[in-house]
């Protein structure tokens, strides 16, 4: 089982999704009362192509999460890399291009409902933490200007726990709940803000801290797969 197949398996298990008939998209099951007001999301895992670019125009807001590998995005004549653990929030009706995906690249596109607005979302998070006011204003301003914002998630110390479980609130919301911030996505973004993980679009130089051994160790610890993942000296799966 290669890295991409494992990545798809993990996200399917995490989200317990319902596949849309005849499509590669997945719709998350109905959420509990705690998350009843959360926007409904559909999730799609981009397939490896290796030959062609993937052109997208968002109908609604999108969150792109690079689970593994490295990929390059182009938008508004700008080109920037994202690596495992990185997030990018795209505003609705934003055109962007994803350069060809290769073996080991696992990208999760989260299509948010039109009711989701990053500005309102961040302001709600801001209401729980006064320490990030100036950073929030900077992010909201950049989002309004560029229609996307980037977070370099690997800079967060506990990203292995938070990032890899960012969607678990949509599976079992009661597993993590507090009065002020009821959604794990909000907790994630709050963690990104407090750890100064926002990346100015004009200075993107993201480096991943994850290695293949980290990826396989995570799988062995959290998922009981009926398979063995081995690496040769070149770091390739056999």
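In the working numbering, the protein residues as written are 53 to 290. For glycine and all other residues, C-beta sits at the position ideal for the given N, C-alpha and C. This structure is a prediction, so every number in the text was calculated from the model and none was measured.
Is residue i buried or exposed, if buried means 16 or more other CB atoms sit within 10 Å of its CB?
i, result
"residue 121", "buried"
"residue 196", "exposed"
"residue 136", "buried"
"residue 258", "Unreliable positioning characterises residue 258 in this predicted model, as indicated by a pLDDT of 49, which lies under 50. The coordinate reading is nonetheless provided below. With 16 or more Cβ atoms within 10 Å of its Cβ, residue 258 is classed as buried."
Measuring straight from C-alpha to C-alpha, what distance separates residue i and residue j?
i, j, result
"residue 108", "residue 149", "6 Å"
"residue 116", "residue 159", "7 Å"
"residue 110", "residue 144", "5 Å"
"residue 125", "residue 174", "24 Å"
"residue 199", "residue 157", "25 Å"
"residue 123", "residue 133", "6 Å"
"residue 190", "residue 164", "23 Å"
"residue 187", "residue 131", "24 Å"
"residue 129", "residue 118", "21 Å"
Could you say which of the options lies nearest to residue i if we only look at CA atoms?
i, options, result
"residue 161", "195, 140, 192", "140"
"residue 293", "114, 168, 187, 130", "Past the edges of the chain, shown from 53 to 290, lies residue 293, and the structure says nothing about it."
"residue 201", "138, 163, 156, 123", "138"
Closest Cβ-Cβ distance between residue i and chain D: below 9 Å?
i, result
"residue 109", "Included in the structure is just one protein chain, with no chain D present."
Cutting at 6 Å between CB atoms, please list the residues of its own chain near residue i, excluding the five before and the five after it.
i, result
"residue 102", "152, 154"
"residue 166", "112"
"residue 127", "148"
"residue 89", "In this predicted model, residue 89 has a pLDDT of only 43, less than 50, meaning its place in the structure is not dependable; the value taken from the coordinates is given anyway. Excluding residues within five positions, none has a Cβ falling inside 6 Å."
"residue 146", "110, 199"
"residue 185", "none"
By Cβ distance, which residues of its chain are closer than 7 Å to residue i, with the 5 residues on each side in sequence left out?
i, result
"residue 104", "152"
Contact between the region 185-195 and the region 164-175 (3+ Cβ pairs under 8 Å): yes
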